[in-house]
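Listed below in C-alpha coordinates is the structure:
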(Lines of atoms letter the chains of each structure in order from A and count residues from 1; the text may use other names and numbers.)
(Lines give C-alpha, C1' and ligand atoms only; values in the text may rest on other atoms or scores of the structure.)
Protein backbone atom coordinates (compact mmCIF):
# COMPACT_ATOMS: atom_id res chain seq x y z
CA UNK A 1 0.00 0.00 0.00
CA UNK A 2 2.86 2.40 0.80
CA UNK A 3 4.41 1.80 -2.65
CA UNK A 4 1.09 2.42 -4.36
CA UNK A 5 0.65 5.72 -2.52
CA UNK A 6 4.19 6.73 -3.40
CA UNK A 7 3.62 5.90 -7.08
CA UNK A 8 0.38 7.87 -7.16
CA UNK A 9 2.12 10.80 -5.50
CA UNK A 10 4.82 10.83 -8.17
CA UNK A 11 2.23 10.66 -10.95
CA UNK A 12 0.24 13.48 -9.39
CA UNK A 13 3.35 15.62 -9.01
CA UNK A 14 4.27 15.01 -12.64
CA UNK A 15 0.81 15.98 -13.83
CA UNK A 16 0.87 19.09 -11.67
CA UNK A 17 4.20 20.17 -13.17
CA UNK A 18 2.85 19.54 -16.69
CA UNK A 19 -0.29 21.61 -16.03
CA UNK A 20 1.72 24.50 -14.58
CA UNK A 21 4.12 24.50 -17.56
CA UNK A 22 1.21 24.49 -20.00
CA UNK A 23 -0.49 27.34 -18.18
CA UNK A 24 2.72 29.33 -18.25
CA UNK A 25 2.98 28.84 -22.03
CA UNK A 26 -0.63 29.94 -22.50
CA UNK A 27 -0.09 33.09 -20.40
CA UNK A 28 3.11 33.90 -22.29
CA UNK A 29 1.37 33.57 -25.66
CA UNK A 30 -1.59 35.59 -24.49
CA UNK A 31 0.67 38.57 -23.74
CA UNK A 32 2.06 38.73 -27.25
CA UNK A 33 0.34 40.04 -30.39
CA UNK A 34 -2.17 37.72 -32.07
CA UNK A 35 -1.48 36.98 -35.70
CA UNK A 36 -4.83 36.66 -37.45
CA UNK A 37 -3.76 34.20 -40.09
CA UNK A 38 -2.34 31.70 -37.58
CA UNK A 39 -5.59 30.93 -35.78
CA UNK A 40 -8.05 30.53 -38.64
CA UNK A 41 -7.82 26.82 -39.46
CA UNK A 42 -7.42 25.52 -35.89
CA UNK A 43 -10.31 27.70 -34.74
CA UNK A 44 -12.60 26.32 -37.45
CA UNK A 45 -11.62 22.76 -36.55
CA UNK A 46 -12.38 23.36 -32.87
CA UNK A 47 -15.74 24.94 -33.73
CA UNK A 48 -16.68 21.94 -35.88
CA UNK A 49 -15.58 19.55 -33.14
CA UNK A 50 -17.96 21.29 -30.75
CA UNK A 51 -20.89 20.31 -32.98
CA UNK A 52 -19.55 16.78 -33.49
CA UNK A 53 -19.10 16.32 -29.74
CA UNK A 54 -22.63 17.53 -29.00
CA UNK A 55 -24.25 15.31 -31.63
CA UNK A 56 -22.29 12.23 -30.55
CA UNK A 57 -23.06 13.02 -26.90
CA UNK A 58 -26.81 13.18 -27.56
CA UNK A 59 -26.70 9.93 -29.56
CA UNK A 60 -24.69 8.22 -26.82
CA UNK A 61 -27.03 9.40 -24.06
CA UNK A 62 -30.10 8.26 -26.00
CA UNK A 63 -28.55 4.85 -26.71
CA UNK A 64 -27.55 4.44 -23.06
CA UNK A 65 -31.11 5.18 -21.91
CA UNK A 66 -32.75 2.84 -24.42
CA UNK A 67 -30.29 0.04 -23.63
CA UNK A 68 -30.77 0.42 -19.88
CA UNK A 69 -34.58 0.19 -20.13
CA UNK A 70 -34.39 -3.60 -19.99
CA UNK A 71 -33.03 -3.30 -16.45
CA UNK A 72 -35.71 -0.87 -15.22
CA UNK A 73 -38.21 -2.04 -12.64
CA UNK A 74 -41.66 -2.82 -14.05
CA UNK A 75 -44.60 -0.54 -13.35
CA UNK A 76 -45.06 -0.05 -9.62
CA UNK A 77 -47.44 -2.47 -7.90
CA UNK A 78 -48.98 0.22 -5.71
CA UNK A 79 -50.95 3.43 -6.41
CA UNK A 80 -48.52 5.64 -4.49
CA UNK A 81 -45.63 3.98 -6.36
CA UNK A 82 -47.10 4.87 -9.75
CA UNK A 83 -47.64 8.43 -8.59
CA UNK A 84 -44.05 8.62 -7.39
CA UNK A 85 -42.78 7.23 -10.70
CA UNK A 86 -44.84 9.77 -12.66
CA UNK A 87 -43.35 12.66 -10.69
CA UNK A 88 -39.86 11.21 -11.11
CA UNK A 89 -40.15 10.93 -14.89
CA UNK A 90 -41.83 14.34 -15.10
CA UNK A 91 -38.88 15.92 -13.29
CA UNK A 92 -36.39 13.95 -15.39
CA UNK A 93 -38.17 15.00 -18.60
CA UNK A 94 -38.12 18.70 -17.71
CA UNK A 95 -34.51 18.61 -16.54
CA UNK A 96 -33.38 16.66 -19.62
CA UNK A 97 -35.20 19.03 -22.00
CA UNK A 98 -33.63 22.05 -20.30
CA UNK A 99 -30.20 20.41 -20.39
CA UNK A 100 -30.42 19.56 -24.10
CA UNK A 101 -31.73 22.99 -25.12
CA UNK A 102 -29.16 24.98 -23.13
CA UNK A 103 -26.24 22.82 -24.27
CA UNK A 104 -27.45 22.87 -27.88
CA UNK A 105 -27.39 26.67 -27.76
CA UNK A 106 -23.98 26.64 -26.06
CA UNK A 107 -22.36 24.43 -28.71
CA UNK A 108 -24.23 26.05 -31.60
CA UNK A 109 -23.19 29.56 -30.54
CA UNK A 110 -19.60 28.38 -30.22
CA UNK A 111 -19.78 27.34 -33.88
CA UNK A 112 -21.75 30.28 -35.27
CA UNK A 113 -19.81 32.97 -33.44
CA UNK A 114 -16.33 31.56 -33.80
CA UNK A 115 -13.50 33.99 -34.37
CA UNK A 116 -13.31 35.39 -37.88
CA UNK A 117 -10.93 37.98 -39.26
CA UNK A 118 -12.49 41.41 -39.32
CA UNK A 119 -15.44 40.48 -37.07
CA UNK A 120 -15.88 42.44 -33.87
CA UNK A 121 -18.07 41.42 -30.93
CA UNK A 122 -21.12 43.58 -30.32
CA UNK A 123 -21.39 45.30 -26.96
CA UNK A 124 -24.57 43.97 -25.35
CA UNK A 125 -24.49 44.96 -21.65
CA UNK A 126 -28.06 44.15 -20.56
CA UNK A 127 -31.54 43.03 -21.57
CA UNK A 128 -34.04 43.22 -18.72
CA UNK A 129 -36.75 41.45 -20.67
CA UNK A 130 -34.53 38.47 -21.45
CA UNK A 131 -33.27 38.29 -17.86
CA UNK A 132 -36.85 38.36 -16.57
CA UNK A 133 -37.85 35.51 -18.90
CA UNK A 134 -35.00 33.18 -17.97
CA UNK A 135 -35.53 33.91 -14.27
CA UNK A 136 -39.32 33.70 -14.00
CA UNK A 137 -39.91 30.62 -16.19
CA UNK A 138 -37.45 28.33 -14.32
CA UNK A 139 -38.75 29.67 -10.99
CA UNK A 140 -42.34 28.83 -11.91
CA UNK A 141 -41.41 25.37 -13.18
CA UNK A 142 -39.41 24.61 -10.02
CA UNK A 143 -42.26 25.86 -7.82
CA UNK A 144 -44.72 23.54 -9.59
CA UNK A 145 -42.37 20.56 -9.19
CA UNK A 146 -41.79 21.31 -5.51
CA UNK A 147 -45.52 21.75 -4.83
CA UNK A 148 -46.56 18.54 -6.58
CA UNK A 149 -43.77 16.63 -4.83
CA UNK A 150 -44.82 18.01 -1.46
CA UNK A 151 -48.45 17.00 -2.06
CA UNK A 152 -47.39 13.46 -2.99
CA UNK A 153 -45.17 13.21 0.11
CA UNK A 154 -47.96 14.56 2.33
CA UNK A 155 -50.41 11.97 1.02
CA UNK A 156 -47.93 9.09 1.25
CA UNK A 157 -46.95 9.94 4.82
CA UNK A 158 -50.50 10.63 6.02
CA UNK A 159 -52.11 8.48 8.70
CA UNK A 160 -53.07 5.02 7.48
CA UNK A 161 -56.79 4.32 6.90
CA UNK A 162 -58.65 2.94 9.91
CA UNK A 163 -59.16 -0.43 8.19
CA UNK A 164 -55.46 -0.90 7.31
CA UNK A 165 -54.06 -4.35 8.03
CA UNK A 166 -51.31 -3.96 10.61
CA UNK A 167 -47.94 -5.72 10.63
CA UNK A 168 -44.71 -5.11 12.48
CA UNK A 169 -41.27 -5.58 10.97
CA UNK A 170 -38.16 -5.50 13.15
CA UNK A 171 -34.63 -5.26 11.78
CA UNK A 172 -31.59 -6.70 13.50
CA UNK A 173 -28.17 -7.84 12.42
CA UNK A 174 -28.70 -9.56 10.07
CA UNK A 175 -32.32 -10.45 9.35
CA UNK A 176 -35.89 -9.18 9.49
CA UNK A 177 -38.52 -10.41 11.93
CA UNK A 178 -42.17 -9.94 11.01
CA UNK A 179 -44.92 -9.98 13.64
CA UNK A 180 -48.55 -10.61 12.70
CA UNK A 181 -51.54 -9.63 14.85
CA UNK A 182 -53.14 -13.07 14.74
CA UNK A 183 -56.91 -13.42 14.47
CA UNK A 184 -57.95 -10.83 17.05
CA UNK A 185 -59.37 -7.55 15.76
CA UNK A 186 -56.24 -6.66 13.73
CA UNK A 187 -54.43 -5.61 16.89
CA UNK A 188 -50.77 -6.19 17.66
CA UNK A 189 -49.86 -6.73 21.27
CA UNK A 190 -47.60 -4.36 23.15
CA UNK A 191 -43.83 -4.80 23.22
CA UNK A 192 -40.99 -3.91 25.53
CA UNK A 193 -37.34 -3.96 24.49
CA UNK A 194 -36.40 -5.19 27.99
CA UNK A 195 -38.21 -8.46 27.29
CA UNK A 196 -36.09 -9.38 24.25
CA UNK A 197 -34.29 -12.72 24.52
CA UNK A 198 -33.72 -15.86 22.42
CA UNK A 199 -37.35 -16.97 22.85
CA UNK A 200 -38.84 -13.53 22.37
CA UNK A 201 -36.83 -11.78 19.67
CA UNK A 202 -39.16 -8.79 19.29
CA UNK A 203 -39.92 -8.28 22.97
CA UNK A 204 -43.63 -9.17 22.93
CA UNK A 205 -45.24 -8.14 26.22
CA UNK A 206 -47.57 -10.86 27.49
CA UNK A 207 -49.12 -8.63 30.13
CA UNK A 208 -51.18 -7.40 27.15
CA UNK A 209 -53.77 -10.00 26.16
CA UNK A 210 -53.71 -8.76 22.54
CA UNK A 211 -50.27 -10.41 22.32
CA UNK A 212 -51.51 -13.94 22.94
CA UNK A 213 -52.28 -14.79 19.30
CA UNK A 214 -49.43 -12.82 17.71
CA UNK A 215 -47.08 -14.92 15.59
CA UNK A 216 -43.76 -14.17 13.91
CA UNK A 217 -41.85 -15.10 10.78
CA UNK A 218 -38.25 -14.56 9.73
CA UNK A 219 -38.55 -15.85 6.18
CA UNK A 220 -41.56 -14.13 4.58
CA UNK A 221 -44.28 -11.54 4.95
CA UNK A 222 -47.75 -12.36 3.60
CA UNK A 223 -50.06 -9.42 2.88
CA UNK A 224 -53.51 -9.15 1.23
CA UNK A 225 -53.78 -7.47 -2.16
CA UNK A 226 -55.99 -4.42 -2.67
CA UNK A 227 -56.13 -3.57 1.03
CA UNK A 228 -54.25 -0.84 2.94
CA UNK A 229 -51.26 -2.26 4.79
CA UNK A 230 -49.60 -0.49 7.70
CA UNK A 231 -46.02 -1.49 8.45
CA UNK A 232 -44.83 -0.61 11.94
CA UNK A 233 -41.06 -0.53 11.73
CA UNK A 234 -38.45 -0.96 14.46
CA UNK A 235 -34.73 -1.74 14.78
CA UNK A 236 -33.13 -3.74 17.57
CA UNK A 237 -29.52 -2.68 17.20
CA UNK A 238 -28.31 -0.36 14.42
CA UNK A 239 -29.88 1.64 11.63
CA UNK A 240 -31.64 -0.47 8.97
CA UNK A 241 -33.99 0.45 6.14
CA UNK A 242 -37.08 -1.36 4.84
CA UNK A 243 -37.11 -1.39 1.04
CA UNK A 244 -39.71 -3.04 -1.21
CA UNK A 245 -38.57 -1.92 -4.68
CA UNK A 246 -41.54 -3.13 -6.74
CA UNK A 247 -43.95 -1.32 -4.40
CA UNK A 248 -41.75 1.78 -4.08
CA UNK A 249 -41.75 1.41 -0.30
CA UNK A 250 -38.73 2.67 1.65
CA UNK A 251 -38.48 3.71 5.27
CA UNK A 252 -35.61 3.66 7.76
CA UNK A 253 -35.74 1.42 10.82
CA UNK A 254 -34.21 3.50 13.60
CA UNK A 255 -33.21 2.13 17.02
CA UNK A 256 -35.37 3.68 19.74
CA UNK A 257 -37.58 5.57 17.26
CA UNK A 258 -40.40 3.49 15.71
CA UNK A 259 -41.35 4.52 12.17
CA UNK A 260 -44.18 3.48 9.86
CA UNK A 261 -45.21 3.27 6.22
CA UNK A 262 -48.58 2.40 4.73
CA UNK A 263 -49.37 1.34 1.17
CA UNK A 264 -51.72 -0.69 -0.99
CA UNK A 265 -50.32 -3.58 -3.03
CA UNK A 266 -52.71 -3.98 -5.96
CA UNK A 267 -50.88 -6.70 -7.91
CA UNK A 268 -50.50 -10.15 -6.43
CA UNK A 269 -47.32 -12.15 -6.82
CA UNK A 270 -49.03 -14.40 -9.39
CA UNK A 271 -50.22 -11.37 -11.39
CA UNK A 272 -46.69 -9.96 -11.47
CA UNK A 273 -45.41 -13.30 -12.76
CA UNK A 274 -47.83 -13.02 -15.66
CA UNK A 275 -47.03 -9.35 -16.29
CA UNK A 276 -43.25 -9.85 -16.26
CA UNK A 277 -43.34 -13.23 -17.99
CA UNK A 278 -41.07 -14.54 -15.25
CA UNK A 279 -42.49 -17.64 -13.50
CA UNK A 280 -39.89 -17.21 -10.74
CA UNK A 281 -40.75 -13.59 -9.97
CA UNK A 282 -41.03 -12.73 -6.29
CA UNK A 283 -41.37 -9.57 -4.28
CA UNK A 284 -38.71 -9.06 -1.64
CA UNK A 285 -37.99 -6.84 1.34
CA UNK A 286 -34.36 -5.77 1.52
CA UNK A 287 -32.26 -3.52 3.73
CA UNK A 288 -30.84 -0.44 2.00
CA UNK A 289 -28.83 0.89 4.94
CA UNK A 290 -25.37 -0.65 5.27
CA UNK A 291 -25.63 -2.21 8.71
CA UNK A 292 -22.56 -4.40 9.01
CA UNK A 293 -20.71 -7.32 7.47
CA UNK A 294 -23.86 -9.38 6.91
CA UNK A 295 -25.90 -6.54 5.37
CA UNK A 296 -26.23 -8.44 2.08
CA UNK A 297 -28.25 -11.19 3.78
CA UNK A 298 -30.99 -8.90 5.13
CA UNK A 299 -33.85 -9.86 2.83
CA UNK A 300 -37.08 -11.78 3.14
CA UNK A 301 -39.78 -12.75 0.67
CA UNK A 302 -42.96 -10.72 0.35
CA UNK A 303 -46.03 -12.69 -0.72
CA UNK A 304 -48.94 -10.63 -2.04
CA UNK A 305 -52.09 -12.73 -2.38
CA UNK A 306 -55.85 -12.36 -2.49
CA UNK A 307 -57.75 -11.87 0.76
CA UNK A 308 -59.08 -15.44 0.98
CA UNK A 309 -55.65 -17.01 0.46
CA UNK A 310 -54.10 -14.64 2.97
CA UNK A 311 -56.74 -15.41 5.61
CA UNK A 312 -56.28 -19.15 5.03
CA UNK A 313 -52.50 -18.85 5.41
CA UNK A 314 -52.83 -16.86 8.65
CA UNK A 315 -55.12 -19.49 10.18
CA UNK A 316 -52.45 -22.14 9.55
CA UNK A 317 -49.83 -20.25 11.59
CA UNK A 318 -49.18 -20.94 15.25
CA UNK A 319 -49.02 -18.10 17.78
CA UNK A 320 -45.66 -17.54 19.43
CA UNK A 321 -47.15 -18.77 22.69
CA UNK A 322 -48.03 -22.10 21.06
CA UNK A 323 -44.65 -22.63 19.37
CA UNK A 324 -42.71 -21.39 22.42
CA UNK A 325 -44.68 -22.45 25.51
CA UNK A 326 -41.86 -21.27 27.81
CA UNK A 327 -43.26 -17.79 27.30
CA UNK A 328 -46.26 -18.78 29.41
CA UNK A 329 -44.29 -17.87 32.52
CA UNK A 330 -44.54 -14.22 31.44
CA UNK A 331 -48.35 -14.17 31.52
CA UNK A 332 -49.90 -12.59 34.62
CA UNK A 333 -51.99 -14.96 36.73
CA UNK A 334 -55.18 -13.01 36.07
CA UNK A 335 -54.78 -13.53 32.30
CA UNK A 336 -53.85 -17.22 32.35
CA UNK A 337 -57.40 -18.30 31.60
CA UNK A 338 -57.60 -16.11 28.48
CA UNK A 339 -54.25 -17.40 27.24
CA UNK A 340 -55.03 -21.07 27.94
CA UNK A 341 -56.41 -21.82 24.47
CA UNK A 342 -53.05 -20.91 22.93
CA UNK A 343 -51.00 -23.02 25.37
CA UNK A 344 -50.36 -26.72 25.90
CA UNK A 345 -51.97 -28.03 29.08
CA UNK A 346 -48.73 -28.21 31.06
CA UNK A 347 -47.70 -24.68 30.06
CA UNK A 348 -51.10 -23.25 30.94
CA UNK A 349 -50.65 -24.34 34.55
CA UNK A 350 -47.07 -23.04 34.86
CA UNK A 351 -46.48 -20.27 37.43
CA UNK A 352 -46.09 -16.72 36.17
CA UNK A 353 -42.71 -15.03 36.02
CA UNK A 354 -42.79 -12.50 38.80
CA UNK A 355 -40.24 -10.28 37.06
CA UNK A 356 -42.64 -9.48 34.23
CA UNK A 357 -46.09 -10.39 35.42
CA UNK A 358 -46.26 -9.11 38.99
CA UNK A 359 -48.33 -6.06 39.76
CA UNK A 360 -47.78 -3.10 41.98
CA UNK A 361 -49.79 -3.71 45.11
CA UNK A 362 -50.48 -0.03 45.58
CA UNK A 363 -52.01 0.69 42.18
CA UNK A 364 -52.14 -2.51 40.19
CA UNK A 365 -49.70 -1.21 37.58
CA UNK A 366 -47.47 -3.67 35.69
CA UNK A 367 -43.79 -3.63 36.57
CA UNK A 368 -43.02 -3.60 32.83
CA UNK A 369 -43.80 0.09 32.79
CA UNK A 370 -41.77 0.65 29.60
CA UNK A 371 -44.27 -1.30 27.53
CA UNK A 372 -45.11 0.41 24.26
CA UNK A 373 -48.31 -0.07 22.34
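Residue numbers (the UniProt record's numbering): 1 to 373. C-beta atoms are modelled at their ideal positions from N, C-alpha and C, and glycine is treated no differently. Just so you know, these numbers come straight off a predicted model, no measurement behind them.
Measuring C-alpha to C-alpha distances from residue 237 to each of 179, 173, 218 identifies 173 as the nearest. By DSSP's assignment, residue 314 forms no beta bridge with any residue.
For residue 271, the uninterrupted alpha helix (DSSP H) run begins and ends at 269–276, by DSSP. The three-state secondary structure of residue 279, taken from DSSP, is coil.
In the displayed model, residue 199 falls within coil according to three-state DSSP, outside both helix and strand. Beta-bridge partners of residue 165 (DSSP): 229. Under DSSP, residue 302 takes part in a beta bridge, and its partners are 221, 283.
When the Cα atoms are used, residue 188 and residue 233 turn out to be separated by approximately 13 Å.
Put simply, the backbone Cα of residue 336 is about 15 Å away from that of residue 319. Non-local beta-carbon contacts of residue 249 in its own chain, meaning distances under 8 Å to residues more than five positions away in sequence, involve 78, 81, 231, 242, 243, 261, 263 in chain order. Excluding five sequence positions before and after residue 150, none of the CB atoms of its chain fall closer than 6 Å to its own CB.
Within the DSSP bridge table, the entry for residue 235 names 171, 255 as partners. It is roughly 51 Å from the alpha-carbon of residue 229 to the alpha-carbon of residue 53. Around residue 111, the same chain offers 47, 48, 50, 51 as residues with beta carbons nearer than 8 Å, after the five sequence neighbours per side are excluded. Minimum Cα-Cα distance from residue 202 among the listed residues 191, 208, 210 corresponds to 191. For residue 274, the number of other beta carbons within 10 angstroms of its own is below 16, and it is reported as exposed.
In this structure, residue 210 places its C-beta atom within 8 Å of the C-beta atom of residue 184.
When the Cα atoms are used, residue 10 and residue 25 turn out to be separated by approximately 23 Å.
Listed in chain order, the non-local C-beta contacts of residue 164 below 7 Å within the same chain comprise 228, 229, 230, 262, local neighbours out to five positions each way being set aside. Taking a C-beta distance under 8 Å as the contact criterion, residue 214 and residue 181 qualify as a contact pair.
Residue 323 and residue 342 have their C-alpha atoms some 9 Å from each other. Taking C-beta atoms as the reference points, residue 304 and residue 269 count as a pair closer than 8 Å.
Note: residue 250 is bridge-paired with 243 in the DSSP secondary-structure output.
Residue 254 is not a Cβ neighbour of residue 216, given a cutoff of 8 Å.
Beta-bridge annotation (DSSP): residue 134 is not paired with any residue. Residue 287 is a Cβ neighbour of residue 240, given a cutoff of 8 Å. Straight across, the Cα-Cα distance linking residue 133 with residue 139 is about 10 Å. The three-state secondary structure of residue 331, taken from DSSP, is coil.
In the DSSP annotation of this structure, the continuous segment of the alpha helix (DSSP H) that includes residue 87 starts and ends at 79–112. Residue environment: residue 99 is assigned as exposed (fewer than 16 neighbouring CB atoms within 10 Å of its CB, all protein chains considered).
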